[in-house]
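Chains A and B, in that order, give the protein sequences. Heads up: the first sequence at position 182 corresponds to 182 in the UniProt record's numbering, and the numbers run straight through without jumps. Heads up: the second sequence at position 216 corresponds to 216 in the UniProt record's numbering, and the numbers run straight through without jumps. Cβ atoms here follow ideal geometry from the backbone N, Cα and C, with glycine treated the same way.
Protein chains: 2
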Amino acid sequence: MNYKPTDTHNNKCSICVLGQFCLPVGLKSADVSKIDELIKERVHLKKGESLYRHGEALNSLYSIRFGTLKTEHCLQDGRQQVIGFHLPGEIMGLDGIGNGYYQSNAIALEESEVCIIRYEAFEDLAHEIPDLQNQFHRIMSRELTQDQRHMLSLGTMRAEERLATFLLNFSHRLTVRGYLNNEFDLRMSREEIGSYLGMKIETVSRMLSRFVEAGLIQIKQRHIKLIDMDALYVLAAIENSDRNYCKPVFSPTQN
Amino acid sequence: MNYKPTDTHNNKCSICVLGQFCLPVGLKSADVSKIDELIKERVHLKKGESLYRHGEALNSLYSIRFGTLKTEHCLQDGRQQVIGFHLPGEIMGLDGIGNGYYQSNAIALEESEVCIIRYEAFEDLAHEIPDLQNQFHRIMSRELTQDQRHMLSLGTMRAEERLATFLLNFSHRLTVRGYLNNEFDLRMSREEIGSYLGMKIETVSRMLSRFVEAGLIQIKQRHIKLIDMDALYVLAAIENSDRNYCKPVFSPTQN
DNA sequence: CGCTTTATTGAGAGATATCAATACTTGTGG
DNA sequence: CCACAAGTATTGATATCTCTCAATAAAGCG
């Protein structure tokens, strides 16, 4: 731990605008105040600081209040890969529950603030509030689904398609948080994008240039504007009708 | 649903040899009998039959009693990828909790049997038994970690390394279930292996041939014998000291 | 303002995909 | 039980994509 938790008074979940993305989804307001009791501390991180590291004992989960973080997984030979970028309202640290130790590094990509959710206390509360337990299961499950999509991206798509998918996914996540959907700042470097997408920094750069040439995007440094989202969707092999990813697509049939 | 649940009498968790891998881990025996009440039905699947399909409403989770299943994720343009192979004791269907619909197809690779865990009843029981809730969280978390490892494999490893990793991982999972660690049957086709590992069937075949030539394995059809596991571990970039993947490796340090 | 980091662009190398031919298995029906 | 067809796997030759190496440019930082 390289941070100092701050005990603040105005970090109640009951008044947090992120409530709709975070733990309290689906909870009665009486229950939300119980979560207020649970989450008493926050952590402020400067760019580059880590929230937790691979191998540390899990004591807490975290929910992002503002900022952006990345998580990365490490191999013994030193190779490592960014496995996720995380935005406000998202829960971090879930991979540490399995054996009690975090399985990844979580590092701030910019000035960020994170609510501390003491894990044991959380489990107790989840036991007390079935709605909370349910929401937690939904959160973990969505995480699984998201990881699976990313695997599919890594396993079957070409660099160009992966990058288009990444940009659209990021755009979508910003949109639901109330930001512009077609213009935003990438908080991560080209190298981090490449690591996440399983390609080298040069390839990321080339593909971005290609998108610019084709009139799909404009980009200046890390500020990006999506010009032709339809074309990006086509590249990403995401049909218009399924852009939000969450409708049933196949009807139940045999094999 | 293309199967017919069978109501049997001898499928109690309390006497199931898979207890140590499945839901009941860490539960008091009194609580295990409550799970006996929960899980009253099983499904028998023939090779090629599906347990659930992308888009179907989630009513149940499943735990594998015997056999092997694969899960696959689909893209709108028809591409699809195998995202997991599943062995006895593993829980399936978790990706459907997020929005109430399964996000993948689950298909039997051989004659298999699966216990039906009615989801609503399960949530109720988990609420009643904190140990069960905890174990469920551990299971989901491990699934996340495993997916993250797979991402790393897909994103940063070369075909040869991915295949070595796959063989060792499979071997390890069989070993903990009491099977031989160096000799087993692959229940999936080369194509399915390739899909899982993000490579074409020809590449799988070539890499296997290469392993045979190098004296690392013997393979006849789908029966495989791991001859030089040490060399495979080196290929897979897994250090001897970390073969079971679950010890802390990095000490807590800044960035 | 200069230094360090980050990003872009080019040329060539390497890995994996694609296309194609062949061999081997498995299952089916006569 | 054999013969044939369909599916599955192996192997080779070539094409394509992405990586690697290298040079340059631009931006961030002290």
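Helix, strand or coil: how does DSSP classify residue i here?
i                      : result
residue 103 of chain B : coil
residue 46 of chain B  : coil
residue 175 of chain A : helix
residue 54 of chain B  : coil
residue 82 of chain B  : strand
residue 221 of chain A : coil
residue 193 of chain B : helix
residue 13 of chain A  : helix
residue 126 of chain A : helix
residue 108 of chain A : strand
residue 143 of chain A : helix
residue 25 of chain B  : coil
residue 151 of chain A : helix
residue 34 of chain A  : helix
residue 92 of chain B  : strand
residue 118 of chain A : strand
residue 39 of chain A  : coil
residue 97 of chain A  : coil
residue 272 of chain B : The question about residue 272 of chain B has no answer, for chain B in this structure spans 1 to 255.
Let's test the definition: count the other Cβ atoms within 10 Å of the Cβ of residue i and tell me whether it reaches 16, buried, or not, exposed.
i                      : result
residue 15 of chain A  : exposed
residue 70 of chain A  : buried
residue 258 of chain A : Since the first and last residues shown for chain A are 1 and 255, residue 258 of chain A lies out of range.
residue 20 of chain B  : exposed
residue 164 of chain A : buried
residue 161 of chain B : buried
residue 185 of chain B : exposed
residue 214 of chain A : exposed
residue 63 of chain A  : buried
residue 111 of chain B : exposed
Please list the partners that residue i has in chain A, where partner means a Cβ-to-Cβ separation under 8 angstroms.
i                      : result
residue 149 of chain B : 73
residue 138 of chain B : 97, 98, 99
residue 81 of chain B  : 151, 152, 155, 156
residue 67 of chain B  : In chain order: nothing, as chain A lies at least about 16 angstroms away.
Have a look at the options and flag the residue whose alpha-carbon is nearest the alpha-carbon of residue i.
i                      : options                   : result
residue 113 of chain B : B/141, B/230, B/86        : B/86
residue 59 of chain A  : A/47, A/116, A/89         : A/116
residue 73 of chain A  : A/90, A/160, A/120, A/83  : A/83
residue 78 of chain A  : B/163, B/130, B/156       : B/156
residue 148 of chain A : B/181, B/110, B/93        : B/93
residue 233 of chain A : A/166, A/213, A/121       : A/166
residue 146 of chain B : B/42, B/170, B/13, B/111  : B/170
residue 80 of chain B  : B/104, B/47, B/95         : B/104
residue 192 of chain A : A/161, A/203, A/55        : A/203
residue 196 of chain B : B/174, B/42, B/43, B/153  : B/153
residue 158 of chain B : B/194, B/31, B/64, B/144  : B/194
residue 180 of chain A : A/122, A/168, A/95, A/109 : A/168
residue 138 of chain A : B/61, B/99, B/22          : B/99
residue 23 of chain B  : B/208, B/95, B/136, B/178 : B/136
Assuming residue i contacts residue j under a Cβ cut-off of 8 angstroms, what Cβ separation, rounded to an integer in Å, is found between them?
i                      : j                      : result
residue 221 of chain A : residue 227 of chain A : About 17 angstroms; that fails the 8 angstroms criterion.
residue 119 of chain B : residue 57 of chain B  : Actually they do not touch by this definition, with Cβ atoms about 10 angstroms apart.
residue 89 of chain A  : residue 18 of chain A  : 4 angstroms
residue 132 of chain A : residue 31 of chain A  : 7 angstroms
residue 45 of chain B  : residue 108 of chain B : 4 angstroms
What in chain A is Cβ-close to residue i, meaning under 9 angstroms?
i                      : result
residue 133 of chain B : 123, 126, 127, 133
residue 88 of chain B  : Ordered by position in chain A, no residue passes the 9 angstroms Cβ test against residue 88 of chain B, which lies about 19 angstroms from the chain.
Report the neighbours of residue i on chain B: residues whose CB is nearer than 9 angstroms to its CB, in chain order.
i                      : result
residue 104 of chain A : 145, 148
residue 26 of chain A  : Neighbours of residue 26 of chain A on chain B: none; closest Cβ ~13 angstroms, over 9 angstroms.
Could you work out which residues of chain A lie near residue i, taking near to mean beta carbons separated by less than 7 angstroms?
i                      : result
residue 19 of chain B  : Within 7 angstroms Cβ-Cβ: nothing; residue 19 of chain B doesn't reach chain A, min ~18 angstroms.
residue 94 of chain B  : 141, 144
residue 198 of chain B : 154, 155, 156
The ligand NAD and residue i: does the residue's C-beta get closer than 7 angstroms to at least one heavy atom of that ligand?
i                     : result
residue 27 of chain B : Judged by which ligands are present, the structure shown has none, so any question about the ligand NAD falls away.
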